[in-house]
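A.B. asks: Everything in the sequence shown is counted per this note's numbering, starting at 533 for the first residue and increasing by one.
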Amino acid sequence: MCGRVHLSSNVSEIKLVFSIPPHRPTPNFPPTWNGAPTDLLPVVRFDAKAGERSLDLVRWGLVPYWAKDLKVGFANINAKAEGIESKPAFRGAFQRRRCLVPVDSFYEWK
């Protein structure tokens, strides 16, 4: 992902596209044209206990399990495909804790 995202799709569209059951709780989130690291963004993930997908709000950033401070997550906003399987900060999350981040576009400020 890059440094900024645009999300104008509404909750109903996201739930329909990603086959999220209508009975699942739905977080409220406003459209954003300049979503940035540390902002709350919707994600689609699999709820193993319920056996279905869910739509949740999470803070943009990856906090490694070994981090002693949440601020470490603010530095981990972008990962390259090359090496993601071997770098300690990303390896476990890549293998076991994935999610989809539904955005309409992503971009970098120059």
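Think of the CB as a built atom: it goes at the ideal place given N, C-alpha and C, for glycine as much as any other residue. Quick caveat: nothing in here was measured; it's all calculated off a predicted structure.
Would you say residue 564 touches the ligand ZN, meaning its beta carbon is less than 8 Å from a heavy atom?
C.D. replies: With respect to the ligand ZN, the structure shown offers nothing to examine, as it has no ligands at all.
A.B. asks: Taking 6 Å as the limit between beta carbons, can you name the residues of its chain near residue 590, skipping five residues before and five after?
C.D. replies: Same-chain partners within the cutoff: 575.
A.B. asks: Is residue 580 buried or exposed, if buried means 16 or more other CB atoms sit within 10 Å of its CB?
C.D. replies: Label assigned to residue 580: exposed.
A.B. asks: What residue from 631, 547, 637, 639 has the CA that sits closest to residue 578's CA?
C.D. replies: That would be 631, whose Cα lies nearest to the Cα of residue 578.
A.B. asks: If residue 567 sits next to residue 539, beta carbons under 8 Å apart, how far is it from one beta carbon to the other, in whole angstroms?
C.D. replies: Going by Cβ atoms, the distance from residue 567 to residue 539 rounds to 6 Å, so yes, they are a contact pair.
A.B. asks: Applying the criterion that 16 or more other CB atoms from any shown protein chain within 10 Å of the CB defines a buried residue, is residue 594 buried or exposed?
C.D. replies: Counting Cβ neighbours within 10 Å, residue 594 comes out buried, since at least 16 surround it.
A.B. asks: With H, G and I counted as helix, E and B as strand and the rest as coil, what does DSSP make of residue 539?
C.D. replies: Of the three classes helix, strand and coil, the one that applies to residue 539 here is strand, per DSSP.
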